[in-house]
Amino acid sequence: MTKPIISFKPSYNSVIRGCPGLPDTLPRIEYELRIRSNDGKEFKIERIEVIFKTIEALHATHTFSSKPKVEKTSIHYKKNIKLSDSVLLGIDLPLTIGLPDQIKETNFNPNFGYTVNFLDCNVYYYVGDASELLVESYSEPINIERYTYLPSKQLFPSIKKKFHSPDKKFSVDLSIENPCVTTDDLLKTKISIKQSSSSYPISPQKGLFNKKTKLKSVSYEIKEQLEVLDADNVDSKDNTIMHFSQAVNETLSFNEIKLKANLRVLTKNEYFKEFETTMQEPAFLYKIPDDIKIDNTINSNSMMETKLIQNSTGDKIPFQYHTSISTNGSLFSVNHILRIKFKISNGRDFEIHYPITISQWSITQVRYVEEIINQERETAGFAQQFYESYGGIKRNKNTRLLEYPSLPPAVYLNNEDTLQKLNILFNIEHKKPLRIPLIG
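Here you go:
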């Protein structure tokens, strides 16, 4: 039976142009919507519906809802296209969709939930003289990466912050060299703690029961915090992704106790990390000479187990997005925080907190990402000039999103020229012409 075949063709190497999160780069989806007859016979298109949406979903492990899964869909773009030449063999529609400034990136957080973006197309059509309206649907996941959090010193310079214990007896100076870290990184911290100058000094009484105030230990925790923003399900939850304890056992006085710690941050999928590491080994980077003999004396029982890397999620989110990163959305957000606990003998324990950012980009990628941002800013200027000739880019008063003008489509009518162009050949010797299959 005749039906339309739907596909998306990027206008460039990537369907995403510009840098999502940076409005001056005109972040957008540029692609060509291709609709073709599956058997070379004509059909009538009633309308074409194009939708771009974001789906946020929370794992079914939370206590705030009895539902198996909490999900929210945000429609960013919806357009119905009607054609003047509706009876045809196919059509190519160039489409440009502006991305919202706050578009949420593709991500799968194993503890909390996931975010995916989809580009959907529904073609409503008739076949022959039939009156039944049929629909053919196609959906394509669009992987979004935001460019707002880069682990660079220019965007996230080192910080210094002073804290006081709740009883005002101790002061803490916290220094973080890199408040924005990657999914595989070291958070570099320095701490100095001393008796606060505003507190009263401990009287030097002598006696059997006189005890000194000591800093026994300092423990560090990096936590990911889930914040649910949905009005019907207001809740929060946290999860510890790193814990480290440092023994001190030094007397607290007006002299500073200085401590330094490099905290390991690893939030990416462990199997994907092993895969990345393996791909950097010499055996994969360089061809091993044929004259090198492989040692076959290794006991097969001692061989490491091989883990097949495959997506376990139904939405087929690529493994590079399986990680805990700092994200903000309309259903939920994930933030990260450094919590430092001070254990005091002959005194009150206390703790301090400071927010940190975990970025999807690695340190080695920063220089190249910055080059891409500069290139896309330049390209955005040319894009504005191009769309100006078709009516210009306008901002919707209700959604505040950029709307791009329609570009002329390529329509394939049922005639001899179109059949030749699409390599559709029929054997007309039969009473009912039969299509000749071609091998490209």
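Be aware that the sequence shown starts at 27, since it is given in this note's numbering, and climbs by one per residue.
For every residue, glycine included, the Cβ atom is placed at its ideal position computed from N, Cα and C.
Buried versus exposed, by CB contacts within 10 Å (16 or more), residue i
| i | result |
| --- | --- |
| His348 | buried |
| Pro459 | Here the model assigns Pro459 a pLDDT of 49, short of 50, so the residue's position is not dependable and the matter cannot be decided. |
| Lys95 | exposed |
| Gln221 | buried |
| Ala273 | exposed |
| Gln410 | exposed |
| Phe358 | buried |
| Asn39 | exposed |
| Lys284 | exposed |
| Tyr394 | exposed |
| Ile248 | buried |
Alpha-carbon spacing of residue i relative to residue j, whole angstroms
| i | j | result |
| --- | --- | --- |
| Glu377 | Ser197 | 11 Å |
| Ile351 | Ile185 | 20 Å |
| Leu255 | Gly355 | 8 Å |
| Asn148 | His85 | 29 Å |
| Val161 | Leu212 | 52 Å |
| Thr444 | Gly154 | 19 Å |
| Ile267 | Lys195 | 31 Å |
| Ile382 | Leu428 | 32 Å |
| Gly417 | Ile363 | 47 Å |
| Glu397 | Leu115 | 43 Å |
| Ser163 | Ile77 | 11 Å |
| Lys299 | Leu289 | 18 Å |
| Asn204 | Lys179 | 7 Å |
| Tyr173 | Gly47 | 6 Å |
DSSP three-state assignment for residue i, whether helix, strand or coil
| i | result |
| --- | --- |
| Phe270 | strand |
| Thr390 | helix |
| Gln221 | strand |
| Gln346 | helix |
| Lys299 | helix |
| Pro30 | strand |
| Thr475 | A question about residue 475 goes unanswered here, because the residues of the chain that appear run from 27 up to 466. |
| Pro381 | strand |
| Ala436 | strand |
| Ala156 | coil |
Cβ-based neighbour list, residue i, same chain, cut-off 6 Å, excluding 5 preceding and 5 following
| i | result |
| --- | --- |
| Ile81 | Thr99, Val142 |
| Glu402 | Gly44, Cys45, Thr51 |
| Lys367 | Ser245, Glu377 |
| Glu56 | Ser37, Arg43, Thr122 |
Option in the options with minimal Cα separation from residue i
| i | options | result |
| --- | --- | --- |
| Tyr438 | Asn372, Lys342, Ser40, Ser63 | Ser63 |
| Phe189 | His379, Ile283, Ile384 | His379 |
| Leu59 | Lys67, Lys105, Phe280 | Lys105 |
| Leu145 | Gly66, Asn133, Ile32, Tyr151 | Ile32 |
Cβ neighbours of residue i in the same chain (closer than 7 Å, five flanking residues each side left out)
| i | result |
| --- | --- |
| Asn281 | Lys220 |
Cutoff 8 Å; reference residue i; Cβ partners in own chain excluding five residues on either side
| i | result |
| --- | --- |
| Val207 | Pro177, Leu213, Val291, Ile382, Thr383, Ile384, Ser385 |
| Asp375 | Lys367, Phe368, Lys369 |
Residue-level contact to chain D via CB, residue i, 9 Å cutoff
| i | result |
| --- | --- |
| Ser40 | Looking at the structure shown, chain D is missing, and only one protein chain is on hand. |
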